[in-house]
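These notes are about the structure you will find just below.
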Amino acid sequence: MCQTNLSRRTLLRYSALVAATFPAAAATDGWGLAAQAAESGLAVPMHAELVTVTDTSAVITWFTGDPLRRDGFGRPAAVQAPGRVLIGTSLLPSTWREAGSHGPTAYHHVEITGLQPDTTYHWRAESNGIVAVPSPVTPWAAPSTFTTLKRPAGRELGRVAWLNDLHFGEQIAGLAVGIDGFPGGGLPPGIPVDPEHPYWRTMGAAAVAESRARGCNLLLANGDLSNEAEAEALAETRTALDGFGSLGGVTRLGKGDAPRYFVTRGNHDRARTGAVEGELVDRFGGEFDAGFEPGTQHFSVGYGTGSQTYRFVGLDSNDGETTGVLRTSELEFLEAELGRGDLTIPLFHHPASQQDNKVDADGARRFRTLLAGYDNAVGVYAGHTHRNHLSTSSETATLPYFEGGAVKEYPGGYTVVRLFEGGFTVNFYKSSHPDALAWSEASRAEWFGLAPAYMLGGLGDRNWAHHLDTRRTQTAGVLRDGGDALTAEIGEGVLDAIC
1334 MCQTNLSRRT LLRYSALVAA TFPAAAATDG WGLAAQAAES GLAVPMHAEL
1384 VTVTDTSAVI TWFTGDPLRR DGFGRPAAVQ APGRVLIGTS LLPSTWREAG
1434 SHGPTAYHHV EITGLQPDTT YHWRAESNGI VAVPSPVTPW AAPSTFTTLK
1484 RPAGRELGRV AWLNDLHFGE QIAGLAVGID GFPGGGLPPG IPVDPEHPYW
1534 RTMGAAAVAE SRARGCNLLL ANGDLSNEAE AEALAETRTA LDGFGSLGGV
1584 TRLGKGDAPR YFVTRGNHDR ARTGAVEGEL VDRFGGEFDA GFEPGTQHFS
1634 VGYGTGSQTY RFVGLDSNDG ETTGVLRTSE LEFLEAELGR GDLTIPLFHH
1684 PASQQDNKVD ADGARRFRTL LAGYDNAVGV YAGHTHRNHL STSSETATLP
1734 YFEGGAVKEY PGGYTVVRLF EGGFTVNFYK SSHPDALAWS EASRAEWFGL
1784 APAYMLGGLG DRNWAHHLDT RRTQTAGVLR DGGDALTAEI GEGVLDAIC
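Note that the numbering used here gives residue 1789 to position 456 of the sequence shown, counting from 1, and the numbers run on in steps of one.
Written out as C-alpha coordinates, the structure is:
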(Lines of atoms letter the chains of each structure in order from A and count residues from 1; the text may use other names and numbers.)
(Lines give C-alpha, C1' and ligand atoms only; values in the text may rest on other atoms or scores of the structure.)
Protein backbone atom coordinates (compact mmCIF):
# COMPACT_ATOMS: atom_id res chain seq x y z
CA MET A 1 0.00 0.00 0.00
CA CYS A 2 1.13 3.53 -0.48
CA GLN A 3 0.35 7.15 0.25
CA THR A 4 1.07 10.40 -1.45
CA ASN A 5 3.58 12.84 0.04
CA LEU A 6 2.16 14.38 3.19
CA SER A 7 2.45 17.98 4.27
CA ARG A 8 4.25 18.94 7.47
CA ARG A 9 0.95 20.14 8.92
CA THR A 10 -0.61 16.75 8.23
CA LEU A 11 2.30 14.92 9.83
CA LEU A 12 2.14 17.12 12.91
CA ARG A 13 -1.57 16.46 13.19
CA TYR A 14 -0.96 12.72 12.93
CA SER A 15 1.76 12.93 15.55
CA ALA A 16 -0.71 14.51 17.95
CA LEU A 17 -3.25 11.80 17.14
CA VAL A 18 -0.64 9.12 17.71
CA ALA A 19 0.24 10.58 21.10
CA ALA A 20 -3.40 10.23 22.09
CA THR A 21 -3.77 6.77 20.59
CA PHE A 22 -0.64 5.29 22.17
CA PRO A 23 -0.39 7.04 25.55
CA ALA A 24 1.78 4.34 27.13
CA ALA A 25 4.16 3.70 24.24
CA ALA A 26 6.76 6.30 25.19
CA ALA A 27 6.88 5.03 28.77
CA THR A 28 8.25 1.63 27.77
CA ASP A 29 11.54 0.51 26.29
CA GLY A 30 9.69 -1.29 23.48
CA TRP A 31 6.47 -0.39 21.74
CA GLY A 32 4.30 -2.02 24.40
CA LEU A 33 1.16 -2.06 22.24
CA ALA A 34 0.11 -5.51 23.44
CA ALA A 35 0.59 -4.53 27.08
CA GLN A 36 -2.06 -1.83 26.78
CA ALA A 37 -4.86 -4.41 26.85
CA ALA A 38 -7.09 -4.19 29.92
CA GLU A 39 -6.40 -6.80 32.58
CA SER A 40 -10.08 -7.35 33.32
CA GLY A 41 -13.47 -6.79 31.77
CA LEU A 42 -15.70 -8.42 29.20
CA ALA A 43 -13.39 -10.62 27.10
CA VAL A 44 -15.17 -12.08 24.09
CA PRO A 45 -12.98 -14.40 21.95
CA MET A 46 -13.26 -13.36 18.30
CA HIS A 47 -11.38 -13.12 15.00
CA ALA A 48 -10.27 -16.77 15.18
CA GLU A 49 -7.97 -17.79 12.33
CA LEU A 50 -6.34 -21.07 11.40
CA VAL A 51 -3.30 -19.36 9.95
CA THR A 52 -0.76 -22.09 9.27
CA VAL A 53 -0.99 -25.81 8.54
CA THR A 54 2.21 -27.73 7.78
CA ASP A 55 2.78 -31.48 7.62
CA THR A 56 3.25 -31.71 11.41
CA SER A 57 1.98 -28.45 12.94
CA ALA A 58 -0.74 -25.80 12.95
CA VAL A 59 -0.92 -22.18 14.15
CA ILE A 60 -4.15 -20.65 15.45
CA THR A 61 -4.70 -17.03 16.50
CA TRP A 62 -7.60 -15.12 18.04
CA PHE A 63 -8.36 -11.92 19.92
CA THR A 64 -10.27 -11.19 23.11
CA GLY A 65 -12.00 -7.85 23.45
CA ASP A 66 -15.00 -5.98 24.78
CA PRO A 67 -17.46 -5.29 21.93
CA LEU A 68 -19.26 -2.74 24.12
CA ARG A 69 -16.17 -0.49 24.30
CA ARG A 70 -14.05 0.86 21.45
CA ASP A 71 -10.34 1.67 21.35
CA GLY A 72 -8.50 4.33 19.36
CA PHE A 73 -8.73 2.21 16.22
CA GLY A 74 -12.51 1.87 16.50
CA ARG A 75 -12.24 -1.82 17.37
CA PRO A 76 -13.49 -3.70 20.43
CA ALA A 77 -11.22 -2.70 23.32
CA ALA A 78 -8.54 -5.32 23.98
CA VAL A 79 -9.05 -7.34 27.17
CA GLN A 80 -6.72 -10.02 28.49
CA ALA A 81 -7.99 -13.56 29.06
CA PRO A 82 -6.48 -17.05 29.26
CA GLY A 83 -6.83 -19.38 26.30
CA ARG A 84 -6.32 -22.87 24.97
CA VAL A 85 -6.90 -25.06 21.93
CA LEU A 86 -8.50 -28.51 21.94
CA ILE A 87 -7.63 -30.82 19.02
CA GLY A 88 -8.09 -34.42 17.94
CA THR A 89 -8.65 -36.79 15.03
CA SER A 90 -12.06 -37.97 16.24
CA LEU A 91 -15.34 -36.17 15.70
CA LEU A 92 -15.98 -36.55 19.43
CA PRO A 93 -14.74 -33.43 21.30
CA SER A 94 -14.49 -35.47 24.51
CA THR A 95 -11.49 -37.26 23.00
CA TRP A 96 -9.57 -34.10 22.02
CA ARG A 97 -6.35 -33.13 23.82
CA GLU A 98 -5.50 -29.72 25.17
CA ALA A 99 -2.77 -27.79 23.38
CA GLY A 100 -1.26 -24.38 23.94
CA SER A 101 -2.90 -23.52 27.25
CA HIS A 102 -1.66 -20.03 28.20
CA GLY A 103 -2.16 -17.20 30.63
CA PRO A 104 -4.01 -13.92 30.07
CA THR A 105 -3.42 -11.99 26.87
CA ALA A 106 -5.64 -10.22 24.36
CA TYR A 107 -3.61 -11.51 21.40
CA HIS A 108 -3.69 -15.28 21.39
CA HIS A 109 -1.19 -17.35 19.39
CA VAL A 110 -1.02 -21.14 19.72
CA GLU A 111 1.34 -23.34 17.71
CA ILE A 112 0.47 -27.03 17.87
CA THR A 113 3.29 -29.44 17.03
CA GLY A 114 3.57 -33.21 16.82
CA LEU A 115 0.76 -33.67 14.29
CA GLN A 116 0.83 -36.46 11.73
CA PRO A 117 1.28 -35.71 8.00
CA ASP A 118 -1.69 -36.06 5.65
CA THR A 119 -4.08 -36.48 8.59
CA THR A 120 -7.44 -34.84 9.29
CA TYR A 121 -7.89 -32.99 12.59
CA HIS A 122 -10.78 -31.27 14.36
CA TRP A 123 -10.29 -28.40 16.78
CA ARG A 124 -11.63 -25.42 18.65
CA ALA A 125 -10.03 -22.45 20.42
CA GLU A 126 -11.50 -20.93 23.56
CA SER A 127 -11.00 -18.34 26.27
CA ASN A 128 -12.75 -18.66 29.63
CA GLY A 129 -14.72 -21.57 28.20
CA ILE A 130 -16.13 -19.49 25.33
CA VAL A 131 -15.35 -20.71 21.82
CA ALA A 132 -13.44 -18.26 19.61
CA VAL A 133 -15.26 -17.55 16.35
CA PRO A 134 -14.02 -16.00 13.10
CA SER A 135 -14.84 -12.45 12.06
CA PRO A 136 -17.97 -11.97 9.93
CA VAL A 137 -15.61 -10.45 7.36
CA THR A 138 -13.64 -13.73 7.11
CA PRO A 139 -16.09 -16.51 8.01
CA TRP A 140 -13.87 -19.07 6.24
CA ALA A 141 -10.80 -18.20 8.34
CA ALA A 142 -11.26 -20.84 11.04
CA PRO A 143 -12.49 -24.11 9.51
CA SER A 144 -13.14 -26.57 12.33
CA THR A 145 -11.54 -29.38 10.31
CA PHE A 146 -8.24 -29.39 8.41
CA THR A 147 -5.85 -31.89 6.86
CA THR A 148 -2.12 -31.57 7.33
CA LEU A 149 0.08 -31.45 4.27
CA LYS A 150 1.67 -34.52 2.74
CA ARG A 151 5.43 -34.08 2.87
CA PRO A 152 7.14 -34.22 -0.56
CA ALA A 153 9.34 -37.21 -1.24
CA GLY A 154 13.02 -37.37 -0.35
CA ARG A 155 15.27 -35.55 2.07
CA GLU A 156 14.69 -32.01 3.24
CA LEU A 157 17.40 -29.89 1.63
CA GLY A 158 16.86 -26.69 3.61
CA ARG A 159 14.54 -23.77 4.32
CA VAL A 160 14.09 -20.39 2.67
CA ALA A 161 12.19 -17.35 4.00
CA TRP A 162 10.07 -15.21 1.69
CA LEU A 163 9.31 -11.66 2.86
CA ASN A 164 7.62 -8.84 0.95
CA ASP A 165 6.12 -5.41 1.51
CA LEU A 166 8.06 -4.21 4.55
CA HIS A 167 7.49 -0.49 3.76
CA PHE A 168 10.12 0.94 6.10
CA GLY A 169 9.53 4.67 6.56
CA GLU A 170 5.78 4.61 5.91
CA GLN A 171 3.76 7.29 7.72
CA ILE A 172 0.21 5.95 7.38
CA ALA A 173 -0.96 2.36 6.99
CA GLY A 174 -3.76 1.46 4.59
CA LEU A 175 -3.94 4.79 2.76
CA ALA A 176 -4.62 4.93 -0.99
CA VAL A 177 -4.96 8.67 -1.62
CA GLY A 178 -3.68 11.33 0.78
CA ILE A 179 -6.08 14.25 1.33
CA ASP A 180 -4.80 16.98 3.64
CA GLY A 181 -7.29 17.66 6.43
CA PHE A 182 -9.38 14.59 5.65
CA PRO A 183 -10.14 12.24 8.60
CA GLY A 184 -7.66 9.38 8.53
CA GLY A 185 -5.45 11.26 6.07
CA GLY A 186 -7.37 10.33 2.94
CA LEU A 187 -9.22 7.39 1.39
CA PRO A 188 -9.68 4.82 2.62
CA PRO A 189 -8.93 6.28 6.07
CA GLY A 190 -5.49 5.16 7.20
CA ILE A 191 -3.85 4.46 10.56
CA PRO A 192 -1.00 6.86 11.41
CA VAL A 193 2.39 5.61 12.50
CA ASP A 194 3.55 6.02 16.09
CA PRO A 195 6.68 8.15 15.47
CA GLU A 196 8.45 6.70 18.51
CA HIS A 197 7.63 3.08 17.69
CA PRO A 198 6.71 2.71 14.00
CA TYR A 199 4.79 -0.45 13.24
CA TRP A 200 7.02 -1.32 10.27
CA ARG A 201 10.08 -1.46 12.51
CA THR A 202 8.42 -3.93 14.88
CA MET A 203 6.95 -6.02 12.07
CA GLY A 204 10.18 -6.11 10.05
CA ALA A 205 12.33 -7.08 13.02
CA ALA A 206 9.89 -9.81 14.07
CA ALA A 207 9.67 -11.36 10.59
CA VAL A 208 13.45 -11.40 10.14
CA ALA A 209 14.14 -12.88 13.59
CA GLU A 210 11.39 -15.48 13.43
CA SER A 211 12.23 -16.71 9.94
CA ARG A 212 15.81 -17.30 11.10
CA ALA A 213 14.56 -19.06 14.24
CA ARG A 214 12.49 -21.42 12.04
CA GLY A 215 15.65 -22.73 10.45
CA CYS A 216 15.85 -20.61 7.29
CA ASN A 217 19.35 -19.67 6.17
CA LEU A 218 18.32 -17.95 2.94
CA LEU A 219 15.97 -14.95 2.99
CA LEU A 220 14.47 -13.40 -0.13
CA ALA A 221 12.93 -9.94 0.41
CA ASN A 222 10.70 -9.44 -2.62
CA GLY A 223 10.16 -5.73 -3.04
CA ASP A 224 8.62 -2.67 -1.41
CA LEU A 225 11.27 -2.70 1.27
CA SER A 226 10.81 1.06 1.74
CA ASN A 227 8.07 3.68 1.67
CA GLU A 228 9.35 5.84 -1.17
CA ALA A 229 13.02 4.84 -1.48
CA GLU A 230 14.06 7.36 1.18
CA ALA A 231 17.77 7.06 2.02
CA GLU A 232 17.08 6.78 5.76
CA ALA A 233 14.38 4.15 5.28
CA LEU A 234 16.56 2.05 2.98
CA ALA A 235 19.47 2.26 5.41
CA GLU A 236 17.27 1.05 8.27
CA THR A 237 15.87 -1.73 6.09
CA ARG A 238 19.42 -2.84 5.31
CA THR A 239 20.28 -2.88 9.02
CA ALA A 240 17.19 -4.95 9.81
CA LEU A 241 17.95 -7.50 7.07
CA ASP A 242 21.59 -7.64 8.14
CA GLY A 243 20.21 -9.07 11.38
CA PHE A 244 19.42 -12.22 9.39
CA GLY A 245 22.77 -12.62 7.65
CA SER A 246 24.98 -11.22 4.92
CA LEU A 247 23.74 -9.58 1.73
CA GLY A 248 24.57 -11.64 -1.37
CA GLY A 249 28.15 -12.76 -1.73
CA VAL A 250 27.39 -16.34 -2.85
CA THR A 251 25.94 -18.06 -5.91
CA ARG A 252 25.03 -21.25 -4.07
CA LEU A 253 24.39 -22.39 -0.52
CA GLY A 254 22.92 -25.29 1.37
CA LYS A 255 21.62 -26.42 4.70
CA GLY A 256 24.01 -25.45 7.48
CA ASP A 257 25.75 -22.67 5.54
CA ALA A 258 26.01 -19.15 6.97
CA PRO A 259 22.75 -17.22 6.43
CA ARG A 260 22.44 -14.95 3.39
CA TYR A 261 19.76 -12.71 1.98
CA PHE A 262 18.91 -11.21 -1.41
CA VAL A 263 16.38 -8.52 -2.39
CA THR A 264 14.32 -7.38 -5.34
CA ARG A 265 13.02 -3.89 -6.05
CA GLY A 266 9.34 -3.02 -5.65
CA ASN A 267 7.41 -0.08 -7.05
CA HIS A 268 7.99 1.84 -3.81
CA ASP A 269 11.74 1.29 -4.21
CA ARG A 270 12.00 2.53 -7.79
CA ALA A 271 14.28 5.34 -8.95
CA ARG A 272 13.04 8.91 -8.49
CA THR A 273 13.49 12.13 -10.44
CA GLY A 274 16.46 14.11 -9.11
CA ALA A 275 17.08 17.82 -8.73
CA VAL A 276 18.38 18.08 -12.30
CA GLU A 277 15.83 17.72 -15.09
CA GLY A 278 16.00 14.28 -16.64
CA GLU A 279 18.10 12.89 -13.78
CA LEU A 280 17.07 9.66 -12.05
CA VAL A 281 18.27 8.96 -8.53
CA ASP A 282 18.49 5.28 -7.58
CA ARG A 283 18.96 5.07 -3.83
CA PHE A 284 17.82 1.44 -3.71
CA GLY A 285 20.61 0.20 -5.94
CA GLY A 286 23.15 2.12 -3.95
CA GLU A 287 22.08 0.35 -0.76
CA PHE A 288 21.71 -3.20 -2.11
CA ASP A 289 24.09 -3.45 -5.10
CA ALA A 290 26.17 -6.10 -3.33
CA GLY A 291 23.33 -8.59 -3.81
CA PHE A 292 22.96 -8.15 -7.58
CA GLU A 293 24.82 -9.30 -10.65
CA PRO A 294 27.34 -6.51 -11.43
CA GLY A 295 25.75 -3.65 -13.34
CA THR A 296 22.20 -5.02 -12.92
CA GLN A 297 19.46 -5.31 -10.34
CA HIS A 298 18.79 -9.01 -10.65
CA PHE A 299 20.32 -12.08 -9.02
CA SER A 300 20.45 -15.86 -9.17
CA VAL A 301 21.26 -18.14 -6.25
CA GLY A 302 21.20 -21.91 -6.05
CA TYR A 303 20.18 -23.87 -2.98
CA GLY A 304 20.63 -27.58 -2.38
CA THR A 305 23.05 -30.42 -2.97
CA GLY A 306 24.72 -32.03 -5.92
CA SER A 307 21.75 -34.36 -6.35
CA GLN A 308 19.12 -31.64 -6.35
CA THR A 309 19.39 -27.86 -6.62
CA TYR A 310 16.67 -25.23 -6.49
CA ARG A 311 17.47 -21.91 -8.16
CA PHE A 312 15.88 -18.61 -7.16
CA VAL A 313 16.09 -15.95 -9.86
CA GLY A 314 15.24 -12.45 -8.67
CA LEU A 315 14.17 -9.95 -11.34
CA ASP A 316 13.47 -6.20 -11.38
CA SER A 317 9.88 -5.44 -12.43
CA ASN A 318 10.61 -1.70 -12.76
CA ASP A 319 12.27 0.45 -15.40
CA GLY A 320 13.45 3.76 -14.00
CA GLU A 321 10.35 5.57 -12.76
CA THR A 322 8.11 3.17 -14.67
CA THR A 323 6.83 0.32 -12.54
CA GLY A 324 5.14 -2.97 -13.35
CA VAL A 325 7.22 -3.91 -16.40
CA LEU A 326 9.37 -6.90 -17.37
CA ARG A 327 12.15 -5.67 -19.61
CA THR A 328 13.72 -7.85 -22.28
CA SER A 329 17.01 -7.88 -20.37
CA GLU A 330 15.30 -9.39 -17.32
CA LEU A 331 13.62 -12.11 -19.38
CA GLU A 332 16.88 -12.92 -21.16
CA PHE A 333 18.61 -13.32 -17.81
CA LEU A 334 15.83 -15.63 -16.61
CA GLU A 335 16.06 -17.72 -19.78
CA ALA A 336 19.80 -18.17 -19.29
CA GLU A 337 19.27 -19.27 -15.68
CA LEU A 338 16.50 -21.70 -16.67
CA GLY A 339 18.99 -23.16 -19.12
CA ARG A 340 21.14 -24.38 -16.22
CA GLY A 341 18.56 -27.13 -15.65
CA ASP A 342 18.07 -26.50 -11.90
CA LEU A 343 14.58 -26.47 -10.40
CA THR A 344 13.85 -22.77 -10.85
CA ILE A 345 11.56 -20.35 -9.02
CA PRO A 346 11.63 -16.80 -10.43
CA LEU A 347 10.60 -13.97 -8.12
CA PHE A 348 9.84 -10.31 -8.66
CA HIS A 349 7.58 -7.86 -6.90
CA HIS A 350 4.57 -7.68 -9.22
CA PRO A 351 2.30 -10.69 -9.87
CA ALA A 352 2.28 -11.87 -13.47
CA SER A 353 -0.08 -14.82 -13.56
CA GLN A 354 -2.91 -14.95 -16.05
CA GLN A 355 -5.42 -14.32 -13.29
CA ASP A 356 -3.50 -11.74 -11.27
CA ASN A 357 -1.30 -9.74 -13.60
CA LYS A 358 0.14 -6.41 -12.39
CA VAL A 359 2.86 -5.97 -15.03
CA ASP A 360 2.65 -4.89 -18.66
CA ALA A 361 0.55 -7.33 -20.67
CA ASP A 362 3.25 -8.08 -23.25
CA GLY A 363 5.93 -8.66 -20.61
CA ALA A 364 3.64 -10.95 -18.62
CA ARG A 365 2.72 -12.96 -21.70
CA ARG A 366 6.38 -13.35 -22.70
CA PHE A 367 7.24 -14.37 -19.15
CA ARG A 368 4.61 -17.11 -18.98
CA THR A 369 5.46 -18.32 -22.49
CA LEU A 370 9.10 -18.57 -21.46
CA LEU A 371 8.26 -20.65 -18.39
CA ALA A 372 6.04 -22.94 -20.45
CA GLY A 373 9.10 -24.01 -22.44
CA TYR A 374 11.02 -25.29 -19.41
CA ASP A 375 9.98 -28.30 -17.34
CA ASN A 376 12.38 -27.20 -14.58
CA ALA A 377 10.30 -24.09 -13.79
CA VAL A 378 8.50 -25.14 -10.59
CA GLY A 379 6.91 -21.98 -9.14
CA VAL A 380 6.67 -18.17 -9.15
CA TYR A 381 6.78 -15.84 -6.12
CA ALA A 382 5.41 -12.27 -6.03
CA GLY A 383 4.40 -9.65 -3.48
CA HIS A 384 2.72 -6.27 -4.14
CA THR A 385 -0.91 -7.21 -3.41
CA HIS A 386 -0.29 -7.65 0.35
CA ARG A 387 -2.39 -10.81 0.27
CA ASN A 388 -1.86 -14.56 0.36
CA HIS A 389 -3.03 -15.96 -2.95
CA LEU A 390 -2.31 -19.04 -5.05
CA SER A 391 -3.20 -19.27 -8.72
CA THR A 392 -2.22 -20.88 -12.01
CA SER A 393 -2.10 -19.85 -15.68
CA SER A 394 -3.27 -21.75 -18.73
CA GLU A 395 0.11 -21.40 -20.48
CA THR A 396 1.96 -23.10 -17.64
CA ALA A 397 -0.61 -25.72 -16.55
CA THR A 398 -0.21 -26.58 -12.86
CA LEU A 399 2.76 -24.29 -12.15
CA PRO A 400 1.90 -22.46 -8.88
CA TYR A 401 1.97 -18.65 -8.75
CA PHE A 402 2.13 -17.41 -5.16
CA GLU A 403 1.53 -13.92 -3.77
CA GLY A 404 2.73 -13.44 -0.19
CA GLY A 405 0.98 -11.53 2.60
CA ALA A 406 2.63 -8.30 3.73
CA VAL A 407 5.18 -8.13 6.51
CA LYS A 408 4.17 -4.65 7.66
CA GLU A 409 0.43 -5.00 8.35
CA TYR A 410 -2.38 -7.53 8.58
CA PRO A 411 -1.94 -10.44 8.22
CA GLY A 412 1.59 -9.37 9.17
CA GLY A 413 4.10 -12.14 8.66
CA TYR A 414 6.44 -14.13 6.45
CA THR A 415 6.51 -17.34 4.42
CA VAL A 416 8.72 -20.39 5.05
CA VAL A 417 9.57 -22.61 2.08
CA ARG A 418 10.91 -26.08 2.88
CA LEU A 419 12.80 -27.62 -0.02
CA PHE A 420 12.75 -31.39 -0.52
CA GLU A 421 14.22 -33.61 -3.19
CA GLY A 422 10.71 -34.35 -4.42
CA GLY A 423 9.08 -30.95 -4.07
CA PHE A 424 8.56 -28.08 -1.64
CA THR A 425 6.09 -26.79 0.93
CA VAL A 426 4.97 -23.17 1.38
CA ASN A 427 3.57 -21.90 4.69
CA PHE A 428 2.66 -18.38 5.77
CA TYR A 429 3.21 -17.50 9.44
CA LYS A 430 1.97 -14.50 11.36
CA SER A 431 4.81 -12.83 13.27
CA SER A 432 4.24 -13.93 16.85
CA HIS A 433 5.93 -11.17 18.86
CA PRO A 434 3.17 -9.75 21.14
CA ASP A 435 3.39 -6.27 19.64
CA ALA A 436 3.37 -7.73 16.12
CA LEU A 437 0.19 -9.65 16.92
CA ALA A 438 -1.32 -6.51 18.44
CA TRP A 439 -0.54 -4.45 15.33
CA SER A 440 -1.83 -7.19 13.04
CA GLU A 441 -5.09 -7.04 14.96
CA ALA A 442 -5.20 -3.23 14.87
CA SER A 443 -4.54 -3.06 11.13
CA ARG A 444 -7.56 -5.24 10.43
CA ALA A 445 -9.34 -1.87 10.50
CA GLU A 446 -7.85 -0.89 7.12
CA TRP A 447 -10.18 -0.52 4.12
CA PHE A 448 -13.12 0.27 6.43
CA GLY A 449 -12.51 -3.07 8.20
CA LEU A 450 -12.68 -5.14 5.01
CA ALA A 451 -8.93 -5.68 4.59
CA PRO A 452 -8.86 -9.21 6.06
CA ALA A 453 -11.34 -10.47 3.45
CA TYR A 454 -8.78 -9.72 0.76
CA MET A 455 -5.42 -10.06 2.50
CA LEU A 456 -5.69 -13.28 4.52
CA GLY A 457 -6.57 -15.56 1.64
CA GLY A 458 -7.94 -19.06 1.98
CA LEU A 459 -6.23 -21.78 4.00
CA GLY A 460 -4.98 -23.32 0.76
CA ASP A 461 -3.64 -20.02 -0.54
CA ARG A 462 -1.13 -19.76 2.29
CA ASN A 463 -0.43 -23.45 3.02
CA TRP A 464 0.43 -25.82 0.20
CA ALA A 465 2.88 -28.41 -1.10
CA HIS A 466 4.04 -28.87 -4.68
CA HIS A 467 5.00 -32.44 -5.61
CA LEU A 468 7.45 -32.77 -8.49
CA ASP A 469 6.61 -36.36 -9.43
CA THR A 470 3.02 -35.53 -10.29
CA ARG A 471 3.33 -31.75 -10.81
CA ARG A 472 0.36 -31.40 -8.50
CA THR A 473 -0.20 -28.86 -5.75
CA GLN A 474 -1.76 -30.10 -2.52
CA THR A 475 -3.31 -27.37 -0.40
CA ALA A 476 -4.11 -27.83 3.28
CA GLY A 477 -7.08 -30.18 3.08
CA VAL A 478 -7.51 -30.38 -0.71
CA LEU A 479 -5.55 -32.09 -3.50
CA ARG A 480 -5.99 -30.34 -6.84
CA ASP A 481 -4.55 -30.19 -10.33
CA GLY A 482 -4.65 -26.41 -10.48
CA GLY A 483 -7.22 -23.66 -10.39
CA ASP A 484 -7.95 -21.10 -7.77
CA ALA A 485 -7.77 -21.44 -4.02
CA LEU A 486 -10.49 -19.94 -1.84
CA THR A 487 -9.95 -16.21 -1.55
CA ALA A 488 -12.46 -13.43 -1.04
CA GLU A 489 -12.15 -11.10 -4.01
CA ILE A 490 -12.92 -7.50 -3.02
CA GLY A 491 -11.59 -4.11 -3.85
CA GLU A 492 -9.64 -4.87 -7.05
CA GLY A 493 -10.02 -1.22 -8.08
CA VAL A 494 -8.80 -0.08 -4.67
CA LEU A 495 -5.91 -2.54 -4.90
CA ASP A 496 -4.70 -1.01 -8.14
CA ALA A 497 -4.65 2.39 -6.43
CA ILE A 498 -2.84 1.42 -3.25
CA CYS A 499 -0.13 -1.02 -4.34
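No residue lacks a Cβ here, since even glycine has one placed at the ideal position from N, Cα and C.
Query, Result
"By how many angstroms is the C-alpha of residue 1513 removed from the C-alpha of residue 1644?", "46 Å"
"Less than 8 Å between C-beta atoms, sequence neighbours within five positions excluded: which residues of the same chain meet that for residue 1726?", "1686, 1687, 1688, 1701, 1732, 1734"
"Residue 1623 and residue 1586 look like a contact to me (Cβ under 8 Å); what is the Cβ gap, rounded to whole Å?", "Their Cβ separation, rounded to whole angstroms, is 16 Å, which puts residue 1623 and residue 1586 out of contact at 8 Å."
"Using C-beta distances below 7 Å, list every residue in its chain close to residue 1563, excluding the 5 sequence neighbours before and after it, in chain order.", "1502"
"I need the straight-line Cα distance from residue 1583 to residue 1458, nearest angstrom please.", "44 Å"
"Can you name the start and end residues of the alpha helix (DSSP H) that residue 1762 belongs to?", "Where residue 1762 is concerned, there is no enclosing alpha helix (DSSP H), although the beta strand (DSSP E) it sits in stretches over 1756-1763."
"Going along the chain, which residues of its own chain have a beta-carbon closer than 7 Å to the beta-carbon of residue 1664, five neighbours each way excluded?", "1699, 1700, 1703"
"Give me the residue from 1593, 1372, 1448 with the minimum Cα distance to residue 1438.", "1372"
"For residue 1476 and residue 1488, what's the separation of their Cα atoms in angstroms?", "31 Å"
"Does the Cβ of residue 1855 have 16 or more other Cβ atoms within 10 Å, making it buried, or fewer, making it exposed?", "Here the chain has residues from 1334 to 1832 only, and residue 1855 is not among them."
"Taking the C-alpha atoms as reference points, what is the distance between residue 1636 and residue 1720?", "26 Å"
"So what does DSSP say about residue 1766, is it helix, strand or coil?", "coil"
"Kindly list the residues whose CB is nearer than 8 Å to the CB of residue 1490, restricted to its own chain and excluding five residues on each side of it in sequence; keep chain order.", "1587, 1588, 1636, 1637, 1638, 1641, 1643, 1752, 1753, 1754"
"Tell whether a beta-carbon distance below 8 Å holds between residue 1568 and residue 1578.", "no"
"Give a yes or no on whether the C-beta atoms belonging to residue 1500 and residue 1741 are separated by under 8 Å.", "yes"
"Buried or exposed: where does residue 1806 fall if 16 or more other Cβ atoms within 10 Å of its Cβ makes it buried?", "buried"
"For residue 1717, tell me which candidate among 1736, 1367, 1478 has the shortest Cα-Cα distance.", "1736"
"Can you tell me whether DSSP reads residue 1369 as helix, strand or coil?", "helix"
"From residue 1660 to residue 1506, what does the alpha carbon distance come to, in whole angstroms?", "31 Å"
"When you compare only the Cα positions, how much space is there between residue 1655 and residue 1365?", "40 Å"
"Would you please state the rounded distance, in angstroms, between the beta carbons of residue 1492 and residue 1750? I believe it to be under 8 Å.", "7 Å"
"Just the C-alpha distance for residue 1554 and residue 1485, rounded to the nearest angstrom, thanks.", "25 Å"
"Mapping DSSP to helix, strand and coil, what is residue 1506?", "strand"
"Is there contact here, the stretch 1417-1429 with the stretch 1450-1465, by at least three beta-carbon pairs under 8 Å?", "yes"
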